[in-house]
Amino acid sequence: MALSDFATPELWRKDLDARWPERLVMKRLLRGHLIERLSENPNARVLELGIGDGELLMALNESLPQLQLIAMDINQTLLDRCNELMSERNFSPICTDLSRPWSEGYENSFSAVYSLQSVHDFGGREALTSTYQEIASVLEPGGIVLNADFVVPFPQDKDDSPRRFPVETHLQILRECGFTQATVLHKEGLLGLITAKNPN
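Taken in order, the sequence shown gives residues 39 to 238; the numbers are from the numbering used here.
Given below as structure tokens:
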């Protein structure tokens, strides 16, 4: 079901959590890994691709309030709502279509880029490769990417244009894009949490 089927973003998020309870594990691991990596750099700039209802942003802000949090999403309503939740905090919403080039002007800007269950919406393998290439360009040297997404194809996925890829495909593309230490941190149910480091 789409966001438009729900009265609030929170109800939409709760429905997603109910349909894929492994999301709860992925959110906990995402948050924990980011906090561990960024605790020595509390003023770091962090980018979320696909904002959801702002749950992860709020959790990061509670743990590391000095982080500069930026979120990109095509949905202005979600961005506006998260902007209200994050008022008077280090937060910048950016409305953009992530299925198109978006990295210009943000080169070497972020210590970490993360996403939860969003990248598959951008398209097929070409879109996944493009997304990882753009992430590489906006990460600082040594910066990390964390992507929690579907790693098991859905029945409706077409053979000639798949949207959900096994972890091995993610890891291969990350390496092709110049990342190092590409690995899967956890796989549960239909979701996998994949990370890599930008060596440049």
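Ideal placement from N, C-alpha and C gives every residue a C-beta, glycine not left out. None of the values given here were measured: they were computed from a predicted structure.
Top-ranked residue by Cα proximity to residue i, from the options
{"i": "Met110", "options": "Leu98, Glu126, Ser137 and Leu54", "result": "Ser137"}
{"i": "Glu93", "options": "Asn236, Glu142, Arg57 and Arg69", "result": "Arg69"}
{"i": "Pro59", "options": "Leu229, Ser77 and Ile182", "result": "Leu229"}
{"i": "Asn99", "options": "Gly181, Ile132 and Ala82", "result": "Ala82"}
{"i": "Ser42", "options": "Gln106, Ile132, Pro200 and Thr115", "result": "Thr115"}
{"i": "Arg202", "options": "Gly216, Arg213, Asp187 and Leu212", "result": "Asp187"}
{"i": "Phe217", "options": "Met96, Val190 and Asn238", "result": "Asn238"}
{"i": "Arg163", "options": "Pro193, Glu214 and Asp135", "result": "Glu214"}
{"i": "Val189", "options": "Ile182, Val205, Gly180 and Ala174", "result": "Val205"}
{"i": "Ile89", "options": "Glu145, Pro193 and Asn113", "result": "Asn113"}
Neighbourhood of residue i by C-beta, 8 angstroms cutoff - its chain only, sequence neighbours within 5 removed
{"i": "Asn246", "result": "For residue 246 there is no data in the structure shown, the boundaries of the chain being 39 and 238."}
{"i": "Met124", "result": "Gly92, Leu95, Met96, Asn99 and Leu107"}
{"i": "Met39", "result": "Trp50 and Asp53"}
Between the CA atoms of residue j and residue i - distance to the nearest angstrom
{"i": "Arg75", "j": "Gln210", "result": "23 angstroms"}
{"i": "Asp195", "j": "Glu86", "result": "26 angstroms"}
{"i": "Lys225", "j": "His71", "result": "15 angstroms"}
{"i": "Asn236", "j": "Met64", "result": "22 angstroms"}
{"i": "Gly181", "j": "Ser149", "result": "5 angstroms"}
{"i": "Ile132", "j": "Pro103", "result": "20 angstroms"}
Spatial neighbours of residue i in its chain, beta-carbon cut-off 6 angstroms, leaving aside the 5 residues before and after
{"i": "Ser130", "result": "Ile108"}
{"i": "Gln155", "result": "Asp187"}
Neighbourhood of residue i by C-beta distance below 7 angstroms, restricted to the same chain and skipping five residues each side
{"i": "Asp55", "result": "Arg61 and Leu62"}
Review point. Is it true that the stretch 109–124 meets the stretch 41–50, where meeting means three or more beta-carbon pairs spaced less than 8 angstroms apart?
Key: yes
Practice item. Ignoring anything shorter than 4 residues or poking outside the stretch 83–134, list the alpha helix (DSSP H) runs there in chain order. Key: 93–101 and 114–123
**Study point:** Runs of alpha helix (DSSP H) lying entirely within the stretch 174–218, each at least 4 residues, in chain order
**Key:** 205–214
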